[in-house]
Structures are given as C-alpha cells and as structure tokens.
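Convert by adding 1 to the 1-based position in the sequence shown; the result is the number in the numbering used here.
Take a look at the structure set out below.
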Amino acid sequence: DCRQKIVISDLIEVHFLELPKLHNLSGQDTDNDCIKWMKFFNERTKEELIMLSEASPSIKKATNLLMSMSMDEETRQKYEEREEYLFERKMMLQLAEKAGMEKGMAIAGRKVAINLVALGMDDDTISKVTGLSQEEIKKLREQ
C-alpha cells in the first residue's frame, strides 16, 4: 500500500488498469508495459492482437494462449500437440547439448592427461588434475 507504506509482498505486482482512460493517453506513453497490457485488453480484432503481441514476449504468450482458447476442439488439439512437440524437442536438444558437453569435457580431460603423462607427471597428480581414475591413467600410459 503506497499511502500507508505497507509492503504486502515483493513477489507480485498488482496494477489497476482503467481501460476507459486509454484513449486519453499521448503517444509518448506507448512504451510503458502497463499501457501495452491495457491495449491488449482493449483490442477487438485478431490482427490488432497479433501486431500488439510483437511488442512484448509476455503479451505474445498471452495472445497465443487466448488464440488457443478460442479455437474449435480439433484445432485446439492440433495446437496443443504442436506445443507438446516443440517442448519435447527443446528438452531433447538440451539433453543432447548436455551430453555433448560432458563428452567434450571427458575428451579434454583425457588429452590433458596424455600431455601430463608425456611430461612425466605422477599418476596421483594427474588423477587430481583431470579427475580420471588410476586405471584410466594406466591405460593411457600403456598406449
């Protein structure tokens, strides 16, 4: 509460939007996020919503959700399947990237160990530096 200087919560913001006052605002206020949301709630056509959704990622997300809720059952099911596919694809790519990074780190560790073996460093130190086991280092020495 601004007048009483009481913080209810810092986890959420509450804005009261007076939509009838939107037409009184000047053009300079259009970059304000609250103004963008007021426009979102006031838009009447699909085209206006799509144009407005380009102004903000959160408005784009809300527009997509609104559009999906407005679809017939078959179209909505296709939309949800597509969203699920995109989510799963993103997760698979993230897992593949993580696996690739881990594989790359393992290869780099082996290369460092090979260089340390060539420099004549003892196995305990090589193990501490690279994280490789004593057995792995022995195999590298035998190669």
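By construction, the Cβ of each residue, glycine as well, lies at the ideal position given by its N, Cα and C atoms.
Just so you know, these numbers come straight off a predicted model, no measurement behind them.
| Item | Value |
| --- | --- |
| Inspect the CB distances between the region 131 to 144 and the region 111 to 118 and report whether three or more fall short of 8 Å. | yes |
| Taking the continuous alpha helix (DSSP H) assigned at Gly105, which residues delimit it? | Glu74 to Ala119 |
| Using the C-alpha atoms, what's the distance from Ile108 back to Asp124? | 18 Å |
| For Val15, which residues from the same chain have a beta carbon less than 6 Å from its beta carbon, with the 5 sequence-adjacent residues on both sides left out? | none |
| What's the gap between the Cα of Leu23 and the Cα of Ser10? | 28 Å |
| For Leu53, which residues of its own chain have a beta-carbon under 8 Å away from its beta-carbon, when the five flanking residues on both sides are left out? | Lys37, Lys40, Phe41, Glu44, Ile60 and Thr64 |
| Measuring alpha carbon to alpha carbon, tell me which residue in Ser57, Lys47, Glu49 and Ile51 is nearest Cys35. | Ser57 |
| Do Ser69 and Tyr86 have their C-beta atoms closer together than 7 Å? | no |
| Can you tell me whether Met68 is helix, strand or coil according to DSSP? | helix |
| If we call anything under 7 Å between Cβ atoms a contact, is Thr76 one with Gly110? | no |
| In chain order, what residues of the same chain lie with their CB nearer than 8 Å to the CB of Ile127, ignoring the 5 residues before and after it? | Ala114, Leu117, Val118, Leu133 and Ile138 |
| In whole angstroms, what separates the C-alpha of Ile51 from that of Asn33? | 18 Å |
| Quick one: Cα of Ile177 to Cα of Leu67, how far? | The question about residue 177 has no answer, for the chain in this structure spans 2 to 144. |
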